[in-house]
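Reviewing the structure listed below.
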Amino acid sequence: MRDAARGRRVTLARPRTPRRAARTVVRDALGAVFLLRYDNKEVGPHWALPGGGLDPGESPREGARRELREETGWHDVEPGPLLCTWTHDFTRAGTTVRQHEHIYLADAPGPRRELGPEVAADHLADGILGSRWWSPAELRRTDEQIWPPTLHELLDGWSPGAPAADLGHVPARSRSDASG
């Protein structure tokens, strides 16, 4: 395509497919957060909250609940207040996506728990490489990529009854940015 006014070739950005998703920040009694490890073609290795795309007709809260159960097997954890919304880009199954997410807070009852072997086996098929609990201090000082990137700041600044933050569009570091 040519820019007629300037007489030069114009390259259009590849359009992204919109996707709606929901995630849940699961905290233990000490404030540690449960995260899943991914390695995405576009952005590289990163840690993200349990969650994923919404089914047709599903509300963000319903999707957060369903995804939390699918990815953890925990049926006694319920998404609570909305922490934030944000939009980010990535490639999913070869398709470039612009994902708009709702992120909810939840407190896990009882002692800290891990995933069962049946859930961990399903994760490999979904590109989830592992999971772990992150203390607030670890979230603050890590050099690893966390989605959303400001998660520790959101949690530090949140108080009951506070309105949800709108982070807008947050560009992810590319795989090359993450390695250097």
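The letter at position 74 of the sequence shown is residue 175 when you use this note's numbering, and the numbering goes up by one with no holes.
Glycine is no exception: its CB is placed at the ideal position from the N, C-alpha and C atoms.
In this structure, His-189 places its C-beta atom within 9 angstroms of the C-beta atom of Val-271.
Taking the Cβ atoms as the reference, Asp-140 lies roughly 24 angstroms from Leu-255, outside the contact range of under 8 angstroms.
Counting every other CB atom within 10 Å of its CB across the protein chains shown gives Pro-249 a total of 16 or more, marking it as buried.
Per DSSP, His-203 is one residue of the beta strand (DSSP E) stretching across 196 to 208. With a cut-off of 8 angstroms on Cβ pairs, the stretch 160 to 170 is in contact with the stretch 186 to 206, counting three or more such pairs. For the pair Leu-155 and Arg-242, the Cα-to-Cα distance works out to about 32 angstroms. When DSSP states are grouped into helix, strand and coil, Leu-230 belongs to the strand group. Between Glu-245 and Phe-191 a beta carbon distance of about 16 angstroms is seen, past the 8 angstroms cut, so the two are scored as non-contacting. Sequence-distant Cβ neighbours of Gly-164 in its own chain, meaning closer than 6 angstroms and more than five residues away, are Ala-123, Leu-155. Note: Leu-183 is bridge-paired with Tyr-205 in the DSSP secondary-structure output. Excluding sequence positions up to five before and after Arg-121, its CB lies within less than 6 angstroms of the CB of Leu-155, His-201, all in the same chain and listed in chain order. Straight through space, the alpha carbons of Ser-232 and Pro-261 are spaced by roughly 27 angstroms.
With a beta-carbon spacing of about 11 angstroms, Thr-125 and Leu-183 fall beyond the 8 angstroms limit used to define contacts. By DSSP's assignment, Thr-188 forms a beta bridge with His-201, His-270. Non-local beta-carbon contacts of Thr-197 in its own chain, meaning distances under 6 angstroms to residues more than five positions away in sequence, involve Arg-115, Arg-117 in chain order.
Secondary structure at Arg-166: helix, using DSSP grouped into helix, strand and coil.
Close CB contacts of Gly-174 within its chain, under the 8 angstroms cut and outside five residues either way in sequence, are with Leu-216, Gly-217, Glu-219, Val-220 (chain order).
Secondary structure of Leu-137 (DSSP, three-state): strand.
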